[in-house]
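Structure, as structure tokens:
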Amino acid sequence: MEKKKSKRIVRILLLVGTIVSLYFVPWLLVKAWILPLPDTVQEQADQAIDHGFEGLIVYIDQGGYEPQFIASGWHDRELKIPADPHALFKIASVSKLYDAVAVTKLVGDGRLSLDKTVADYLPELENRIENADKITLRLMIQHRSGMPNFTDAPRFWEAPTETYEESLALIDGLPANFEPGEDYEYCNTNYLLINKIMDDVLGYDNFQFIREEILTPLNLSNTYNSLKEVDIDRVMGGYHVGYPLNLKEGGERGMLATAQDVGTFLRALNDGTVFKPGEKEIYASIYEYEHGGWIPGYQSFTEYHKDLDAVIIEFYSTTDAKLLYWNLSEIINNRIVKILKKQQSK
6 MEKKKSKRIV
16 RILLLVGTIV
26 SLYFVPWLLV
36 KAWILPLPDT
46 VQEQADQAID
56 HGFEGLIVYI
66 DQGGYEPQFI
76 ASGWHDRELK
86 IPADPHALFK
96 IASVSKLYDA
106 VAVTKLVGDG
116 RLSLDKTVAD
126 YLPELENRIE
136 NADKITLRLM
146 IQHRSGMPNF
156 TDAPRFWEAP
166 TETYEESLAL
176 IDGLPANFEP
186 GEDYEYCNTN
196 YLLINKIMDD
206 VLGYDNFQFI
216 REEILTPLNL
226 SNTYNSLKEV
236 DIDRVMGGYH
246 VGYPLNLKEG
256 GERGMLATAQ
266 DVGTFLRALN
276 DGTVFKPGEK
286 EIYASIYEYE
296 HGGWIPGYQS
306 FTEYHKDLDA
316 VIIEFYSTTD
326 AKLLYWNLSE
336 IINNRIVKIL
346 KKQQSK
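Numbering-wise (the numbering used here), the sequence shown opens with residue 6 and increments by one.
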């Protein structure tokens with residue numbers, strides 16, 4: 006009798022806990038999670054627009070199937086131009102995958118060493134960044150350096166920095182968050198310095214190296230490093246909740262690409278065809294094979310699902326300060342995978 010009573014109490018406590026947790030989760034997320042799963046990815050994309058996204062692009066490259074190009078919502082909300090699956094999009098931190106591959110190639114060529122430090126490559130920073138003599142290139146790539154993140158500066162996204170020196174000044178003299186190698190913390194300062202190191206070693210802008218060694222061999226002709234290089238009308242609009250203007254013309258620097266170009270790159274990254282002999286092993290020891298990106302107005306996700314042999318790229322043109330739409334997009338991403346699994350099982 007006591008055992009039955011205890012089980013009943015446990016069930017009641019679990020139910021109360023679930024109700025309480027749902028109370029604190031925004032209803033929009035709950036709704037997106039519990040809605041019946043649509044039959045197609047297009048229907049899921051349309052449903053995402055109903056949830057409040059201004060626009061969405063999905064590219065799917067699944068082994069044994071023709072590539073899928075899916076779009077919903079607006080390319081330009083003000084001009085009422087429908088979303089275009091071949092539009093250019095600001096991919097934000099997805100660019101770190103390209104940077105990591107570039108570093109891998111330079112290490113393979115003997116032009117960079119994963120074990121050299123910030124002080125070795127950028128001696129002028131020895132007295133500006135704590136532990137500069139202990140932070141190796143490997144630790145920076147892996148976000149284990151302990152350096153403060155310059156994009157965490159108060160109100161950073163209201164007026165983002167445009168140059169290396171402006172960005173560095175935001176963390177100049179700040180104490181380390183932890184000793185190098187003793188923890189993990191995602192930090193954009195790592196890749197700010199990595200790009201500077203590559204520029205110095207190469208003697209020219211490292212994106213030229215990325216173009217020559219990665220983009221051109223993969224025939225990626227719709228990947229760029231600056232708004233200056235593209236027709237602005239090709240760029241999908243970006244919108245931030247509470248901010249009235251289209252953000253596509255803000256921030257001159259930063260990679261742009263079509264979903265298909267990103268998908269082709271991600272496929273080559275995961276199957277190893279982006280690498281020369283010996284490089285695949287280097288990369289496997291330092292970085293990951295998927296990534297997300299976020300800047301105001303733009304969220305990007307790259308995924309490879311081995312069980313489906315599917316590369317999935319999702320571009321969302323809506324963000325918010327509380328990251329509600331980031332969490333919502335992750336729910337939608339998971340539902341897209343479920344749809345593909347359901348289709349494959351038929």
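For glycine and all other residues, C-beta sits at the position ideal for the given N, C-alpha and C. Note that the structure is a prediction, hence the values are computed from the model and not measured.
- One thing to note: Met260 has its Cβ no nearer than 8 Å to the Cβ of His80.
- Annotation for Asp66: the continuous beta strand (DSSP E) segment containing it runs Gly60 to Gln67.
- Minimum Cα-Cα distance from Lys285 among the listed residues Lys327, Asn227, Ala105 and Gly178 corresponds to Ala105.
- Taken through DSSP and simplified to helix, strand or coil, Ser322 comes out as coil.
- Taken atom to atom, the span from the alpha-carbon of Pro301 to that of Gly255 is near 9 Å.
- In the same chain as Thr269, and ignoring 5 residues on each side of it, the C-beta atoms closer than 7 Å to its own belong to Leu223 and Leu225, in chain order.
- Taking all protein chains in view, the Cβ of Asn227 is crowded by 16 or more other Cβ atoms within 10 Å, so the residue is classified as buried.
- Uninterrupted alpha helix (DSSP H) stretches at least 4 residues long and entirely within the stretch 142-191 occur at 142-146 and 169-174, given in chain order.
- Under the three-state reduction of DSSP output, Ile86 falls in the strand class.
- Sequence-distant partners of Gly186 (beyond 5 residues in either direction) whose C-beta falls short of 7 Å from its own C-beta, in its chain, are Leu144 and Arg149.
- Taking a contact as a CB-CB distance under 8 Å, the pair Ala264 and Ile62 counts as one, their CB atoms being some 5 Å apart.
- As DSSP reads the structure, Ile317 sits in a beta bridge with Ile65 and Glu308.
- According to the DSSP secondary-structure assignment, His296 is paired through a beta bridge with Thr307.
- Per the C-alpha coordinates, the member of Leu232, Asp266 and Asp66 positioned closest to Leu252 is Leu232.
- The straight-line gap separating the alpha-carbon atoms of Leu34 and Pro165 is approximately 29 Å.
- In terms of Cβ geometry, Arg258 and Ala92 do not form a close pair [threshold 8 Å].
- The alpha-carbon of His310 is positioned some 29 Å away from that of Ile199.
- In the structure shown, the three-state DSSP call for Phe212 is helix.
- For Val240, the beta-bridge partners assigned by DSSP are Leu93.
- The Cβ atoms of Tyr303 and Phe94 sit closer than 8 Å to each other.
- Assigned with DSSP and collapsed to three states, Thr122 falls in strand.
- Note on geometry: alpha-carbon atoms of Asp114 and Glu129 lie some 25 Å from one another.
- With a cut-off of 8 Å on Cβ pairs, the stretch 285-300 is not in contact with the stretch 121-135, counting fewer than three such pairs.
- Between the alpha carbons of Arg116 and Leu328 lies a distance of about 39 Å.
- The alpha-carbon of Ile65 is positioned some 6 Å away from that of Pro72.
- When only Cα atoms are considered, Lys85 and Glu59 end up about 11 Å apart.
- With respect to the 8 Å criterion, Thr307 and Val267 are classified as neighbours on the basis of their beta carbons.
- Per DSSP, the unbroken beta strand (DSSP E) holding Leu261 starts and ends at Arg258 to Ala262.
- Our two residues, Thr109 and Ala273, have alpha carbons roughly 14 Å apart in a direct line.
- The Cβ neighbour count for Gly68, taken over all protein chains shown within 10 Å, is under 16; the residue is labelled exposed.
- Note: Ser77 is bridge-paired with Leu61 in the DSSP secondary-structure output.
- Beta-bridge annotation (DSSP): Ser231 is paired with Arg258.
- Annotation for Tyr330: the continuous alpha helix (DSSP H) segment containing it runs Leu329 to Ser350.
- Asn154 places its beta carbon 8 Å or farther from that of Asn211.
- Between Pro90 and the set Ala262, Arg340 and Asp314, the nearest pair of CA atoms involves Ala262.
- Around the beta carbon of Lys351, fewer than 16 other beta carbons lie within 10 angstroms, which makes this residue exposed.
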